[in-house]
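One structure is given here, and the rest of the page talks about it.
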Amino acid sequence: MQKTIYHKITGYGSVFTLPYFALLFFLLSSTACRQSKKVAKAKANYANLQNEVKGQNQPEIKGAAINGYVLQNNDRVFFNALKNYVTNSFDTAFVGFNYYNSLDSADATTYYYLAQIKGRYNYLKETLKDAQKSVALSPDNKWMKSFYAGILAFNEQYDSAAHLFLDIGRTNPGDRENSYMAASRLLQKAGKTEASIAILDSLLSYHSPDNEEILQEKQAVYLKSGKMEEALKVTRQLAAAYPLSPEYLVQIVEIYELDNEPVKSAEAVKILGNQFPKNEDVASYIFGYHLKKRNVDAVAEKLKDYLETAESSQEKDLSILSQIGNYMSANRGDTSVLSYLSELTEQITKDKPNNLSARRLLASLNLYGGKEVQGVAMFQSLIKQHPQNYTLWMPLVEHYMYAAKYDTAMQVLNRMEKIFPDSIDIPVNKMLISEWEKNYKAGLEYGFIGLDLAQKQKSKEKEILFYNSIAHYYHELDKHKESDSVYDALLVKDPENVMALNNYAYFLSERGERLDFALNLSKKTLEMDFNNSNNLDTYGWILYKMRRYEDAKFYLEKAVTVSGDQVSVVILEHLGDIEFRLGNEDKALKIWKAVDESGQGSSFLKQKIKDRNIYE
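Position 192 of the sequence shown, counted from 1, bears residue number 192 in my numbering, the numbering being contiguous throughout.
Listed below in structure tokens is the structure:
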């Protein structure tokens with residue numbers, strides 16, 4: 001009979017142990033695996049569990065009732081397996097479902113739960129097999145198809161996964177939105193742009209033709225595939241449909257720039273400026289556009305326009321500094337531009353001495369343009385005149401932190417604390433300074449102060465930042481129990497926090513603790529971003545710690561590929577360690593030596609090279 005699938009959402013604080021099925025069905029199936037006391041014990045435990053499960057299916061208890069339902073044939077085996085599954089007794093659940101499968105090999109739900117359990121412990125090939133069987137036996141079950149599609153996507157079988165999601169959306173109107181979006185993104189990953197767009201157009205037919213979310217999705221697909229004309233058409237549609245949003249007019253300018261159409265981009269900039277004449281962000285963007293083009297007259301005009309707009313709106317952040325910073329990052333040798341902008345701004349301060357935005361900008365340009373003494377003096381003068389203006393203090397703090405003048409930065413922060421006792425930024429910066437000085441005990445103190453403020457002010461973003469930092473500092477202080485506890489609490493609040501998932505998983509792997517749990521944490525980061533080298537490295541390194549060297553090699557090689565020229569020495573050394581464990585000593589030595597020649601690597605690296613051996 002067809003069983004109902006029950007779903008249970010569990011937190012990430014649970015502690016899992018590697019079930020006996022993992023040892024029996026996967027380790028023992030490997031020809032490289034030798035019998036050991038550990039494996040023998042696992043076999044004995046598996047046999048005990050199997051006998052326990054079989055004992056639940058004796059003739060005298062068949063036909064009994066559960067809540068009025070009369071059990072048929074081997075139902076008790078299935079329901080007991082299900083009970084163990086939802087109560088996290090995965091060892092017993094696995095044995096129970098396997099036994100039921102031996103009694104009824106055509107039951108889709110059994111394969112589904114076996115796949116869930118195997119997937120939980122990251123045995124990808126086995127998970128795929130059972131998930132595929134469940135869908136083949138129950139092709140109309142959306143839960144089974146969705147699970148199978150997710151596993152296919154994780155295995156980078158994007159085309160197959162997309163078609164499953166598409167089928168779910170077609171047959172289940174309530175799931176159409178999410179399923180079609182997932183299918184479109186997967187096809188785009190598979191390089192099938194036209195098919196991806198066709199799905200979005202199909203989805204659009206159920207909505208307004210100007211649906212913002214779907215049009216944004218189409219725009220992203222076209223841009224990623226280099227189809228500028230099509231991307232421009234969609235962006236124009238967005239700009240027309242949402243005339244109060246300057247972002248789409250800005251995007252039109254950027255698309256013309258990417259497509260090397262300077263005349264058309266200049267025309268688009270004029271339209272942007274005319275449509276939003278009093279918007280400081282638009283004024284800042286247009287200034288940056290002309291600065292990049294080195295249009296001297298336009299730069300002077302737009303700088304003046306921006307400062308007038310910023311002053312009238314009392315802009316806090318001086319967004320124009322980001323535009324100047326972007327230009328300087330792309331043109332590091334062009335030091336004259338800061339001098340030129342300083343001269344222009346100084347003249348504006350003379351013409352309009354009450355324009356505080358202009359005076360702030362001039363102080364910042366001096367501070368970042370090599371005139372530290374003048375810049376500091378100007379900010380100190382402004383602070384003396386306007387001590388309650390928070391925006392005047394932070395540039396000084398940031399300057400001293402950037403210059404590694406941590407004591408001076410702390411002095412400024414201590415002064416600020418008396419005037420702005422509720423500022424979350426103050427403990428954030430004190431915490432960072434302590435971290436950079438490797439004073440993790442002080443970092444903890446400031447972290448808890450900041451966490452208290454963040455919780456009182458209901459700032460979830462800052463609360464998460466402090467949780468991550470506190471957990472990290474506990475780890476650095478070798479207080480692993482406390483670190484784990486903070487990560488557990490954080491992941492209850494924010495289950496998809498990539499930094500917490502990755503760091504928690506990596507720290508556990510370095511300690512060789514709860515590796516199955518760590519692997520599941522790391523797996524979730526890959527589900528959210530498979531092309532992140534740090535996530536791939538962590539996942540592969542946990543597999544290495546579990547002695548699954550071939551699997552580990554796949555993910556470390558993927559991490560190297562994704563990193564390209566920016567690959568870290570940590571990733572390379574990890575790959576070298578894996579090659580050594582696989583018996584490829586020459587490859588390992590070649591990688592280790594390359595890392596050593598860079599002047600980096602672990603404290604064991606030179607010894608590994610000298611002795612041609614692994615040390616951890």
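Ideal Cβ positions, reconstructed from N, Cα and C, are used throughout, including at glycine. Remember, predicted model here, so these are calculated numbers, not experimental data.
Worksheet item: Using the rule of at least 16 other Cβ atoms within 10 Å of the residue's Cβ for burial, across every protein chain shown, is R76 buried or exposed?
Response: Residue 76 sits at position 76 when you count from the first residue of the sequence shown. That one is buried.
Fill in: Inter-residue Cα distance where the pair is F97 and A149
The residue given as residue 97 occupies position 97 in the sequence shown. The residue given as residue 149 occupies position 149 in the sequence shown. Cα to Cα, F97 sits roughly 22 Å from A149.
Worksheet item: Can you tell me where the alpha helix (DSSP H) with N354 in it begins and where it stops?
Response: As a working mapping, residue 354 is identified with position 354 in the sequence shown. Element bounds for N354: n/a, residue is neither H nor E.
Worksheet item: Where does Y615 sit, in a helix, a strand or coil, going by DSSP?
Response: If you number the sequence shown from 1, residue 615 lands on position 615. In this structure, Y615 counts as coil in the three-state DSSP scheme.
Worksheet item: Mapping DSSP to helix, strand and coil, what is P243?
Response: What you label residue 243 is simply residue 243 of the sequence shown in a count that begins at 1. If DSSP states are grouped into helix, strand and coil, P243 belongs with coil.
Worksheet item: Where does the unbroken alpha helix (DSSP H) through H574 begin, and where does it stop?
Response: In the sequence shown, the residue the question calls residue 574 occupies position 574. Start and end: V569 to R581.
Worksheet item: Is S208 helix, strand or coil when you go by DSSP?
Response: Reading the sequence shown from its first residue, position 208 is the one you call residue 208. Three-state DSSP puts S208 in coil, outside helix and strand.
Worksheet entry | Among A161, F165, K189 and I571, nearest to D529 - alpha-carbon criterion | What you label residue 529 is simply residue 529 of the sequence shown in a count that begins at 1. Comparing Cα positions, the closest option is K189.
Practice prompt. Run the CB neighbour count on T626, radius 10 Å, all protein chains shown included, and call it buried at 16 or more, exposed below.
Written response: No answer is possible for residue 626: the residues shown for the chain start at 1 and end at 616.
Practice prompt. Alpha carbon to alpha carbon, how far is G601 from L572? Give it in angstroms, no decimals.
Written response: As a working note, residue 572 is residue 572 in the sequence shown. As a working note, residue 601 is residue 601 in the sequence shown. Roughly 9 Å separates the two Cα atoms.
Item to complete: Could you name the residues of the same chain whose beta carbon sits closer than 6 Å to that of T127, not counting the 5 residues immediately before and after it, in chain order?
Response: Taking the first residue of the sequence shown as 1, we reach residue 127 at position 127. Excluding positions up to five away in sequence, the list reads A115, K118, G119 and I151.
Discussion item. Whether or not the stretch 365-385 and the stretch 295-314 are in contact is what I'm after, with contact meaning three or more pairs of Cβ atoms, one per stretch, closer than 8 Å; do they touch?
Written reply: no
Discussion item. Only counting the same chain, and skipping five residues up and downstream in sequence, which positions put a Cβ closer than 8 Å to that of L582?
Written reply: Your numbering for residue 582 matches position 582 in the sequence shown. For L582, where only same-chain residues beyond five positions count, the Cβ hits under 8 Å are Y549, E550 and K553.
Item to complete: Could you give the DSSP three-state label for R294: helix, strand or coil?
Response: The count along the sequence shown starts at 1 and reaches residue 294 at position 294. Reduced to three states, the DSSP call for R294 is coil.
Item to complete: May I ask you to report which of helix, strand or coil DSSP gives T87?
Response: By 1-based counting over the sequence shown, the position of residue 87 is 87. Correct three-state label for T87: coil.
Item to complete: Measure the C-alpha to C-alpha separation of K224 and V234 and round it to an integer number of angstroms.
Response: Counting from one through the sequence shown, the residue named residue 224 turns up at place 224. Counting from one through the sequence shown, the residue named residue 234 turns up at place 234. Near 14 Å, if we compare the C-alpha coordinates of V234 and K224.
Practice prompt. Within the same chain, show all residues whose beta-carbon is closer than 7 Å to that of D611, passing over the 5 residues directly before and after it, in chain order.
Written response: Translated into positions along the sequence shown, residue 611 becomes position 611. No residues qualify anywhere along the chain.
Discussion item. For the stretch 328-335 against the stretch 356-365, do three or more pairs of beta-carbon atoms, one drawn from each stretch, fall closer than 8 Å, so that the two count as touching?
Written reply: no
Practice prompt. Report the rounded CA-to-CA distance for K456 versus G450, giving the unit in angstroms.
Written response: The count along the sequence shown starts at 1 and reaches residue 456 at position 456. The count along the sequence shown starts at 1 and reaches residue 450 at position 450. Taking the straight line from one Cα to the other gives about 10 Å.
Worksheet item: Roughly how many angstroms separate the alpha carbons of H475 and F507, rounded to a whole number?
Response: Reading the sequence shown from its first residue, position 475 is the one you call residue 475. Reading the sequence shown from its first residue, position 507 is the one you call residue 507. About 8 Å.
Worksheet item: Could you check where the alpha helix (DSSP H) with S602 kicks off and where it finishes?
Response: Within the sequence shown, numbered from 1, the residue matching residue 602 stands at position 602. That residue, S602, is in no alpha helix (DSSP H); it is neither H nor E in DSSP.
Practice prompt. Excluding the 5 residues preceding and the 5 following T345 in the sequence, name in chain order all residues of the same chain whose CB lies nearer than 8 Å to its CB.
Written response: Position 345 of the sequence shown holds residue 345. Excluding positions up to five away in sequence, the list reads L303, L307, A358, L361, L362 and L365.
Item to complete: Count the CB pairs spanning the stretch 159-173 and the stretch 530-537 that are closer than 8 Å, and state whether there are at least three.
Response: no
Practice prompt. Keeping to the same chain, check which residues put their C-beta closer than 8 Å to that of K606; ignore five residues upstream and five downstream.
Written response: Here residue 606 refers to the residue found at position 606 of the sequence shown. Here the set comprises D596.
Worksheet entry | Inter-residue Cα distance where the pair is A195 and P173 | On the sequence shown, residue 195 is found 195 positions in, with the first residue counted as 1. On the sequence shown, residue 173 is found 173 positions in, with the first residue counted as 1. Going by the C-alpha atoms only, they are around 20 Å apart.
Item to complete: Pick helix, strand or coil for S563, following the three-state DSSP scheme.
Response: The sequence position of residue 563 within the sequence shown is 563, counting from 1. Correct three-state label for S563: helix.
Worksheet item: CB-CB under 8 Å to M228, same chain, minus the five flanking residues each way: which ones, in chain order?
Response: As a first step, residue 228 is located in the sequence shown; it is residue number 228 there, counting from the start. Same-chain partners within the cutoff: Y222, I255, L258 and D259.
Discussion item. Can you look up Q157 in the DSSP assignment and give me helix, strand or coil?
Written reply: Numbered from its first residue, the sequence shown carries residue 157 at position 157. Residue state, collapsed to three classes: coil.
Practice prompt. Return the first residue and the last residue of the alpha helix (DSSP H) that K384 is part of.
Written response: Along the sequence shown, read from residue 1 onward, the residue named residue 384 stands at position 384. Counting along the chain, the alpha helix (DSSP H) containing K384 begins and ends at E372 to Q385.
Worksheet item: Applying the criterion that 16 or more other CB atoms from any shown protein chain within 10 Å of the CB defines a buried residue, is R514 buried or exposed?
Response: The residue labelled residue 514 in the question sits at position 514 within the sequence shown. By the 10 Å Cβ count, R514 comes out buried.
Fill in: Cβ-based neighbour list, Q251, same chain, cut-off 6 Å, excluding 5 preceding and 5 following
Taking the first residue of the sequence shown as position 1, residue 251 is located at position 251. The answer, listed in chain order, is T235.
Item to complete: With I424 as the anchor, note down where its alpha helix (DSSP H) starts and where it stops.
Response: Here residue 424 is taken as the residue at index 424 of the sequence shown, counted from 1. Looking at the DSSP string, I424 is not in any alpha helix (DSSP H), and its letter there is neither H nor E.
Worksheet item: Is the beta carbon of A505 sitting closer than 7 Å to the one on L490?
Response: The sequence position of residue 505 within the sequence shown is 505, counting from 1. The sequence position of residue 490 within the sequence shown is 490, counting from 1. No, the Cβ-Cβ distance between A505 and L490 is not below 7 Å.
Item to complete: Below 8 Å on the Cβ atoms is my guess for G169 versus Y180; work out the distance and round it to an integer in Å.
Response: The residue labelled residue 169 in the question sits at position 169 within the sequence shown. The residue labelled residue 180 in the question sits at position 180 within the sequence shown. Confirmed, about 5 Å.
Worksheet entry | Local conformation of S179 per DSSP, three classes | Your numbering for residue 179 matches position 179 in the sequence shown. If DSSP states are grouped into helix, strand and coil, S179 belongs with the helices.
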